[in-house]
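>
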Amino acid sequence: MIVVSSCLAGLEVRYNATHRLNEKLKQLVDEKKAVAVCPELLGGLPTPREPAEIINGDGFDVLDGKARIMDRGGKDVTDAYVEGAKKTLDIIHELDATLVVLKENSPSCGSSMIYNGEFSGVRMAGNGVTAALLKRSGYEVISEEDFMKRLEEF
30 MIVVSSCLAG
40 LEVRYNATHR
50 LNEKLKQLVD
60 EKKAVAVCPE
70 LLGGLPTPRE
80 PAEIINGDGF
90 DVLDGKARIM
100 DRGGKDVTDA
110 YVEGAKKTLD
120 IIHELDATLV
130 VLKENSPSCG
140 SSMIYNGEFS
150 GVRMAGNGVT
160 AALLKRSGYE
170 VISEEDFMKR
180 LEEF
């Protein structure tokens, strides 16, 4: 079983109530070969919502209490993001998933790139909090781009 970010499966759950549809991932969900999850919604955040970024680190730092996730308006939303990450981990464990494909750049789902915490549109190497928790728990987490490079496996 594969788990994918809900926005990549075409669900309008991103901060601005849009999606980032990937037809192949949606097809896998439609064929019941993949399950779509949105850590932000699982953590209780609404759609739409203020964009958020990790301040002073990445998802591993958030999990270790060294960084926080703030929305553009200055509200600390760390707890919601961590709660969503934990609920996502529970779902992945229950499904016995073998692969997780997450939306890059997100403070939750970024698996190699996130925004730098300055709300300037600048990206940096790092993991979102959900990607970090899943990796720390031993799951294979990849970006949509890496998934597309491995399409023949699916």
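The numbering used here puts the first residue of the sequence shown at 30, with every later residue one more than the last. Glycine residues also receive a C-beta, built at the ideal position from the N, C-alpha and C atoms. For clarity, every value in this text was computed on a predicted model and none was experimentally measured.
Below 6 Å CB to CB, which residues in the same chain sit around Leu74 once its five sequence neighbours on both sides are set aside?
Start at 1 with the first residue of the sequence shown, and residue 74 comes out as number 45. Here the set comprises Ala109.
> Cβ atoms of Glu79 and Gly146: under 8 Å apart, would you say?
Translated into positions along the sequence shown, residue 146 becomes position 117. Translated into positions along the sequence shown, residue 79 becomes position 50. No, they are not a contact pair.
> Rounded to whole angstroms, what is the Cα-Cα separation between Gly102 and Glu182?
On the sequence shown, residue 102 is found 73 positions in, with the first residue counted as 1. On the sequence shown, residue 182 is found 153 positions in, with the first residue counted as 1. Those two C-alpha atoms are separated by around 42 Å.
> Once DSSP output is grouped into helix, strand and coil, what is the label at Ala65?
On the sequence shown, position 36 is the one that residue 65 refers to. Strand at Ala65.
> Is there at least one non-hydrogen atom of the ligand PLP closer than 7 Å to the beta-carbon of Glu79?
You won't find the ligand PLP in this model; it holds no ligand whatsoever.
> Quick check: what's the CA-CA separation for Val66 versus Thr159?
What you label residue 66 is simply residue 37 of the sequence shown in a count that begins at 1. What you label residue 159 is simply residue 130 of the sequence shown in a count that begins at 1. Computed Cα separation, rounded: 11 Å.
> Alpha carbon to alpha carbon, how far is Tyr168 from Ala161?
One-based indexing of the sequence shown puts residue 168 at position 139. One-based indexing of the sequence shown puts residue 161 at position 132. If you take the alpha carbons of Tyr168 and Ala161, they lie about 10 Å apart.
> Report the option in Arg43, Tyr44, Lys62 whose CA atom is closest to the CA atom of Ala126.
Your numbering for residue 126 matches position 97 in the sequence shown. Measuring from the Cα of Ala126, the nearest candidate turns out to be Lys62.
> Can you tell me whether DSSP reads Ala109 as helix, strand or coil?
By 1-based counting over the sequence shown, the position of residue 109 is 80. Ala109 falls in the helix class under three-state DSSP.
> What residue range is occupied by the uninterrupted beta strand (DSSP E) comprising Val158?
One-based indexing of the sequence shown puts residue 158 at position 129. Here Val158 belongs to no beta strand (DSSP E); instead the alpha helix (DSSP H) covers 158 to 165.
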